[in-house]
Structures are given as structure tokens and as C-alpha cells.
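A.B. asks: Counting from 1, one number per residue, gives the positions in the sequence shown under this note's numbering. All C-beta atoms, glycine included, are put in the ideal place defined by N, C-alpha and C. Everything numeric in this text was worked out from a predicted model, so none of it was measured. Sharing a structure with you now.
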Amino acid sequence: RYRLLGELGRGGCGVVYRALDPSIGRMVAIKTILARDEAASGRESRERFRREARSAGNLSHPNIVTIHDFSDSGDPMYIAMEFVDGRTLAEEMSSGPLPLEFILGVVRAAADALDYAHGHNIVHRDIKPANFLLDKSGRLKVTDFGIAKILDSDEGLTSTGMLVGTAQYMSPEQVSEGPITGRSDQFSLAVIAYEMLTGVKPFQGNSWATVIHAIIMAEPPPIGQYREKLGDSVDGVLRRALSKGPQSRYASCTEFYTSLERAISGVFTERTAILPRLLSGLPPEPTVEQRKGQTHKQAVQADPASPGEAPPAAAPKLALKPILIGAMGGLAIVAGLWFGLRPKSARPAGLEAVAPQTQAPESREPASAPPAADKAETRPAPRVAAPVVQQPPKQTETAARVPVTIPQQSHAETEAPKPVETAPAKPPEQVAPVQKVQPPALPAPPPVKAQEDAAKRLGEEQQKRSADEQTKRLADEQAKRAADEQARRLADEQAKNARTADAAAISRALRDYQGAYERKDVGALQAIWPSIPKQVLDGVRTSFREASEVSMELRPASEPRISGAAATVICDRNLRQVILKRVLQASSKVRIALVRAGTGWTIQSVEAVSQ
């Protein structure tokens, strides 16, 4: 009664048409199935089609496709359902990660629809992006309840070992054929949410077996690996919804959505908290890590006796030009005072040639070591400033930290000894007096990328070994099932052969009974029927003496029922006798009981069946 307007899609099981219902002028989608009843798979597909009509037809929700009509009386079977003019979620996800507002809208609508179905004891079992339809207004519709499970029903469609659903979106209990509840749909919805947020599926593999192994054993990669703006709270919500055990997941899909929305909103509330300070011209408040770093720097600056600490990280950002000018001036003053005040006898030989080089900042050649005049001059000579630095070790250690305080003093306030403290404040590559007391540098750790590559290779090898073990176990189980099935078939075949042999022996016993009667052979009759009652035997003997002709026809009305050493068979018995040229006939239905006797059977009793 529908007018077909064109195809919407075609697959291996059927075709979906766009059609018009002329009676009310409504546009509908007609889903047909091409499976036949001749094959077992066809019968199962048709029954699955009926289940989709029953399960979805009992649900009335704005986010579930409405079923208008169903017919299985003709060929092909069809379902007339709500026509959704739009795209599938799979098509929307093909371009990569999606906006957060769109993702939350999809998860909210799907969670509401699934919880509604779960409240009606229906589990979808095939939640995937292709079964989420988005109309032009952006409303989501859940469709394809073809493999839905009605929880209060024991009927099953799939044979043992056959999985239903799309592998990469299936829950661990679906893979392992465990009990299915609404939390299985929650797991599949969390897989879709993960894929919408990151653009990749959480459980991947090169084959069906590796995907199944990942679903059962592996944890998905952290979501921050693909979307750095999302923090640990979002990752924690997804990991709980993707727990291997159903009892560890959220109580409902709506609770999962609420937690996901709260986690995403919390991340962006924290990231936008600095906006008012930026707009007012104030610097943003330091983060927890930055505050820890500042506390560490203050502690280092307050403890000048720490020889192993490097200059604060902020020191290179100071204005170097004034520092260098002051340092060079200080060096000149100190050199003049040193040369003028010290007696010539105390001056080391060759110092006049070295002194001019101490004023050239671009020279990095170490000065020649002066003679051992005192303890200060017995130490290894520093690079350029070795002749100038004559202060005690404590002052030298303090000088390494002076550059931080230099900008706070003017040239007029600087005392004469201060230039000695500012002498090391040259470019970072020339200031290294503190490094002389540091222990030898430890070997550099291997690069982070090498560690990551090694860990990745180790993980891939472990995953491959686990996948191989899983594949081997599956193969062993399949081989065991095949062997058990073969043994069962052999046992069934042997039992069938035994039943066939018994049925043939029973047929021979019935033929012997009929032959002995027609031959009027009392001895043969007693051999096949040892327990024949005396009254029956006397009547048969009288009939044999008086009748000129005797005949019996035994025709089994059903297969014999065999139980151990006993069997029964229902037969139609027709007797015919000619006595004094008068024909006497009798027809009746009898139940013949037999017992096993060696490799054959003998009759125990012959009784008339009540009509």
C-alpha cells in the first residue's frame, strides 16, 4: 500500500526505500529483508527482523526511530518506519575529532534513549555510529534494534560461539558471551564518545582476534594523548565507562553523560579563569607548578652557601648590557688598584702581558698559571678573569649569585669591592666558577623518544604475544569444540545405527509373526511369541483347523519406540479367514510389545488399542 520513491540504502540482507503512505500523505522509510526460509541463516535473519519490529515498535521516545507498520505475511518482509532526512553519525565522524558541544549533545540524547529502552527491559546490543541518525535539525535518532535482547525473555537467535554486533564497539561481556545488561550499551556509547573526542577508536588491531583481545585485556590510550586540552578528569570518566567489568561502570548511561559533562566543563572553567585578569591588564595568577618553582628559587637565593645550585632561570632575562659595562669598569679599577698597591716584587712574572687580555670579553683562552705565591694562586687558573679574582673562596661563591641584585644598585652606590663580585656576571658561557665543585656529571639518560620507542615496541610485542596466545586459545577451543562435535556426531551416528538395526530386527520379528500365522505353524508362532497366552493359543489352533485359508497383514502405523531392552510399535492388523467358503475379515489397531532376545526381538504381548 506504499508508493516507493527511491532507494535510501542497500546491503547484503535487504534494501531500504523512501516511500509515501498515500492514506495519510506521510513520508516513511521501508526496510525490507531478502533472506529466505529455506536456509537456517535466512530463518534466523527473518526472526531477527521480526524482533526489531517488536522491540522498537514497543518504544516511543523522541530519540528512537518510530515503527509505523510491519508485515511478514508476504515476500519480502518489511518494516515501515519514521523517515529521518539527514546523515549518520559515522559520516559526521569521518572528518576527525568533533566540537565538544556537539559531542555532549550526541551523548546526552543517546544516553536518554538507551536508558528509556533499558527501562523497558530492552538492550540494543549493536550501538555504533552507523545506527545513530542525525536529522537536519540536529536531533539524534537511535535505529536498528535487529539484534536487541529482551531481558525478560529466554529466546535466543544466535548459535553457540556466534558473536553479534560490530567488533570494535562491542563490550567485553558480548565478546566473552557473558550476561548482557544495559551497561553493555553504556560501554559501546563510551567507545563512541572516545572516538568523537579523539578521532581514533580506543580498541584497535590488525585482525578480528587482536581487536577482541584489546577489548578484553587492554586499556585505551589516555585521551590527552590526542586532545591535550582535556585533562585527567575526562580520561577518568571514560575509563570508568570502559571498565572490563559491568559492575564497575556507571549505574546508567545518563549518569555517565552527567559525569562526562561535568569533567569537560570543569576543564574549561579552570582554563578560562585567567581571562578577567588578562582583560584588566594584570598578569595571570601562577599555576601550582609555577608557585612551586618560585618557592624553590626563593629558597636557593636565600641560601648562598649552596654550591651545587645553578643561577636562577630568570637571571638571563636581566639587562646584560649595563651589567657588562659595570663589570668591565670594575675590572679596570681593581686591576689598577692591584697593580698600584702591590709591590713589584710580589707581582708574578709575565702579569703585564696577561693584564690587557683580561679586559677583552671576546677572548676565551685561559691565562697562563702564575707562580705559586700564595694559596689563592695555587688553585687552577680560571678562564679570563683568573688574575683578577683574588678574593677568598666564600666571596667567590657569593659572586655567582650577585647578578640578581646588581640592577637594584646604581653605579654611584657601588663600593670598591663590588666590581670584584660582578666580575663573573658575563655571558652565561663564561660564568662557571660554581661548576668546579660539582661532582662529575652522570651519563645522560637515553633520549625520551628512544624510551618511548622502546616502550612502544615492548607494548606491541606484548600485545602481539597476547594476541597470539588469545588466537591459539581460540584455535584450541575451536579444535576442542570441533572434536567434541565430531565425537557427538559419531555417538549420535552410532546410536542412530543401533536404532536402525533394532528397527530392522523388530520388522523381522513382525514379519516372522505374520508368516507363522499365515503358514498355520504353531511351533513357529510360539517361537516368536514365547509368552503367548493359552487362551489365545487355543483360539489360533481352532482357527487353523477350521479355516481353509488364513492371512494376516501387519502394517506399522509409526516408528517403534525403543527403550533399552523393550520396545513397542503400533500396527494396523487385518485378519482374513475362509471357513466353509465363508470369508471372515477383522481389522483393528494393536499395540505389540517386544523384548530383546540376543541380536533379535521376540513378542511379549499383542493388545488391541482402544479406539
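Which of the three DSSP states, helix, strand or coil, is assigned to Val636?
C.D. replies: Only positions 1 to 611 of the chain appear in this structure, which leaves residue 636 out of reach.
A.B. asks: Could you check where the alpha helix (DSSP H) with Arg240 kicks off and where it finishes?
C.D. replies: Against the sequence shown, residue 240 aligns to sequence position 240. Taken as a continuous stretch (DSSP letters only), the alpha helix (DSSP H) holding Arg240 covers Asp232 to Ala241.
A.B. asks: Check for me: the beta strand (DSSP E) holding Met552 runs from which residue to which?
C.D. replies: Translated into positions along the sequence shown, residue 552 becomes position 552. Its beta strand (DSSP E) spans residues Glu549 to Pro556.
A.B. asks: Closer than 7 Å by C-beta to Ala516: which residues in its own chain qualify, once you throw out the five before and the five after it? Chain order, please.
C.D. replies: Position 516 of the sequence shown, counting from 1, holds the residue named residue 516. Excluding sequence neighbours, Ala516 sits near Ala524, Leu525 and Ile528.
A.B. asks: Taking the DSSP output, what are the residues bridged to Trp601?
C.D. replies: In the sequence shown, counting from the first residue as 1, residue 601 sits at position 601. DSSP lists Arg596 as partners of Trp601.
A.B. asks: Taking one C-beta from the segment 210 to 225 and one from the segment 451 to 469 each time, how about it: are there three or more such pairs within less than 8 Å?
C.D. replies: In short, these stretches touch, since the Cβ pair count reaches three.
A.B. asks: Let me confirm a value: Met170 is counted as buried when at least 16 other C-beta atoms fall within 10 Å, else exposed. Which label applies?
C.D. replies: Here residue 170 is taken as the residue at index 170 of the sequence shown, counted from 1. Label assigned to Met170: buried.
A.B. asks: Can you give the beta carbon distance from Leu140 to Ala110, rounded, assuming they're within the 8 Å contact cut?
C.D. replies: For the purposes of this step, residue 140 is taken as residue 140 along the sequence shown, with counting starting at 1. For the purposes of this step, residue 110 is taken as residue 110 along the sequence shown, with counting starting at 1. Leu140 to Ala110, Cβ: 6 Å. Contact.
A.B. asks: Go through its chain and collect everything with a Cβ distance to Ser551's Cβ below 7 Å, but skip five positions before and after it.
C.D. replies: Here the question's residue 551 lines up with position 551 in the sequence shown. Glu518 and Arg576, listed in sequence order.
A.B. asks: Should Phe102 go down as buried or exposed, given a rule of 16 or more other Cβ atoms within 10 Å for buried?
C.D. replies: In the sequence shown, residue 102 corresponds to position 102, counting from 1. Per the 10 Å Cβ criterion, exposed.
A.B. asks: Grab me the residues of Gly598's own chain with a C-beta within less than 8 Å of its C-beta, minus the 5 sequence neighbours each way, in chain order.
C.D. replies: The residue given as residue 598 occupies position 598 in the sequence shown. The answer is none, since no qualifying residue turns up.
A.B. asks: Could you tell me which residues DSSP pairs with Pro574 in its beta bridges?
C.D. replies: Within the sequence shown, numbered from 1, the residue matching residue 574 stands at position 574. The displayed chain sequence assigns Asn, not Pro, to residue 574. DSSP, once it has assigned bridges, lists Glu553 and Ser587 as partnering Asn574.
A.B. asks: Can you give me the C-alpha to C-alpha distance between Arg582 and Glu546, rounded to a whole angstrom?
C.D. replies: If you number the sequence shown from 1, residue 582 lands on position 582. If you number the sequence shown from 1, residue 546 lands on position 546. For Arg582 and Glu546, the distance between alpha carbons rounds to 11 Å.
A.B. asks: DSSP state of Ser71, grouped into three classes?
C.D. replies: Here residue 71 is taken as the residue at index 71 of the sequence shown, counted from 1. Of the three classes helix, strand and coil, the one that applies to Ser71 here is strand, per DSSP.
A.B. asks: What are the boundary residues of the alpha helix (DSSP H) that Asp185 is part of?
C.D. replies: For the purposes of this step, residue 185 is taken as residue 185 along the sequence shown, with counting starting at 1. Counting along the chain, the alpha helix (DSSP H) containing Asp185 begins and ends at Gly182 to Thr198.
A.B. asks: Roughly how many angstroms lie between the CA atoms of Ser548 and Gln535, to the nearest whole one?
C.D. replies: The count along the sequence shown starts at 1 and reaches residue 548 at position 548. The count along the sequence shown starts at 1 and reaches residue 535 at position 535. Looking at the two C-alpha atoms, the distance is approximately 22 Å.
A.B. asks: May I have the straight-line CA-CA distance separating Pro22 from Lys31, to the nearest angstrom?
C.D. replies: As a working mapping, residue 22 is identified with position 22 in the sequence shown. As a working mapping, residue 31 is identified with position 31 in the sequence shown. Using only the alpha carbons, I get a separation of about 17 Å.
A.B. asks: Taking the CB atoms as reference points, tell me whether Asn58 and His118 lie closer together than 8 Å.
C.D. replies: As a working note, residue 58 is residue 58 in the sequence shown. As a working note, residue 118 is residue 118 in the sequence shown. Contact: no.
A.B. asks: Thinking Ala503 and Glu559 are a contact (beta carbons under 8 Å), I'd like their distance in whole angstroms, please.
C.D. replies: Stepping through the sequence shown from its first residue, residue 503 is reached at position 503. Stepping through the sequence shown from its first residue, residue 559 is reached at position 559. About 7 Å separates the two Cβ atoms, so the contact holds.
A.B. asks: Ends of the alpha helix (DSSP H) at Glu177?
C.D. replies: Looking up residue 177 in the sequence shown gives position 177. It is not in any alpha helix (DSSP H) - Glu177 carries neither H nor E in the DSSP assignment.
A.B. asks: Which whole-angstrom value is the C-beta distance of Pro264 and Leu114, which I expect to be below 8 Å?
C.D. replies: Within the sequence shown, the letter at position 264 stands for residue 264. Within the sequence shown, the letter at position 114 stands for residue 114. The residue you asked about is not Pro; residue 264 is Ile in the sequence shown. That pair is no contact at about 20 Å.
A.B. asks: Please state if the CB of Cys571 and the CB of Arg596 are separated by a distance shorter than 8 Å.
C.D. replies: Within the sequence shown, residue 596 is the residue found at index 596, counting from 1. Within the sequence shown, residue 571 is the residue found at index 571, counting from 1. Their beta carbons are not under 8 Å apart, which means Arg596 does not touch Cys571 by this criterion.
A.B. asks: What's the gap between the Cα of Val590 and the Cα of Thr568?
C.D. replies: Taking the first residue of the sequence shown as 1, we reach residue 590 at position 590. Taking the first residue of the sequence shown as 1, we reach residue 568 at position 568. Cα to Cα, the separation comes out at about 10 Å.
A.B. asks: I think Gly266 touches Ser233, with their Cβ atoms under 8 Å apart; what is that distance to the nearest whole Å?
C.D. replies: Within the sequence shown, numbered from 1, the residue matching residue 266 stands at position 266. Within the sequence shown, numbered from 1, the residue matching residue 233 stands at position 233. Right, the Cβ-Cβ distance comes to about 6 Å (below 8 Å), so this counts as a contact.
A.B. asks: Can you give me the Cβ contacts of Asp512 inside the same chain, cut-off strictly under 6 Å, excluding the 5 residues immediately before and after it?
C.D. replies: As a position in the sequence shown, residue 512 is number 512, starting the count at 1. The residues are Ile528.
A.B. asks: Are the CB atoms of Ala251 and Phe187 nearer to each other than 8 Å?
C.D. replies: Taking the sequence shown and counting its residues from 1, one reaches residue 251 at position 251. Taking the sequence shown and counting its residues from 1, one reaches residue 187 at position 187. No, these two residues do not count as a Cβ contact at 8 Å.
A.B. asks: By the three-class DSSP mapping on this structure, what secondary structure does Thr258 have?
C.D. replies: Translated into the one-based positions of the sequence shown, residue 258 becomes position 258. In the structure shown, Thr258 sits in a helix (DSSP, three-state: H, G or I).
A.B. asks: Considering Arg18, what are the terminal residues of the beta strand (DSSP E) in which it resides?
C.D. replies: The residue given as residue 18 occupies position 18 in the sequence shown. Unbroken beta strand (DSSP E) run through Arg18: Val15 to Asp21.
A.B. asks: What separation, rounded to the nearest whole angstrom, lies between the Cα atoms of Leu458 and Gln451?
C.D. replies: Here residue 458 refers to the residue found at position 458 of the sequence shown. Here residue 451 refers to the residue found at position 451 of the sequence shown. Near 10 Å, if we compare the C-alpha coordinates of Gln451 and Leu458.
A.B. asks: Let me know if Ala487 comes out buried or exposed under the rule of 16 or more other beta-carbons within 10 Å of its beta-carbon.
C.D. replies: The count along the sequence shown starts at 1 and reaches residue 487 at position 487. By the 10 Å Cβ count, Ala487 comes out exposed.
A.B. asks: Could you have a look at Asp135 and say whether DSSP puts it in helix, strand or coil?
C.D. replies: Translated into positions along the sequence shown, residue 135 becomes position 135. It is a strand residue.
A.B. asks: Candidates Arg43, Arg499 and Asp476: which alpha carbon is nearest Ala565's?
C.D. replies: Within the sequence shown, the letter at position 565 stands for residue 565. Comparing Cα-Cα distances from Ala565 to each of Arg43, Arg499 and Asp476, the minimum goes to Arg499.
A.B. asks: Given a threshold of 16 other Cβ atoms within 10 Å of its Cβ, counted over all protein chains shown, does Ser95 qualify as buried or as exposed?
C.D. replies: In the sequence shown, residue 95 corresponds to position 95, counting from 1. By the 10 Å Cβ count, Ser95 comes out exposed.
A.B. asks: Could you check whether the Cβ of Lys229 sits closer than 7 Å to any heavy atom belonging to the ligand HEM?
C.D. replies: Ligands are entirely absent from the displayed structure, and the ligand HEM is therefore not among its contents.
A.B. asks: Helix, strand or coil: which one does DSSP assign to Ala218?
C.D. replies: Locating residue 218 in the sequence shown gives position 218, counting from the first residue. Reduced to three states, the DSSP call for Ala218 is coil.
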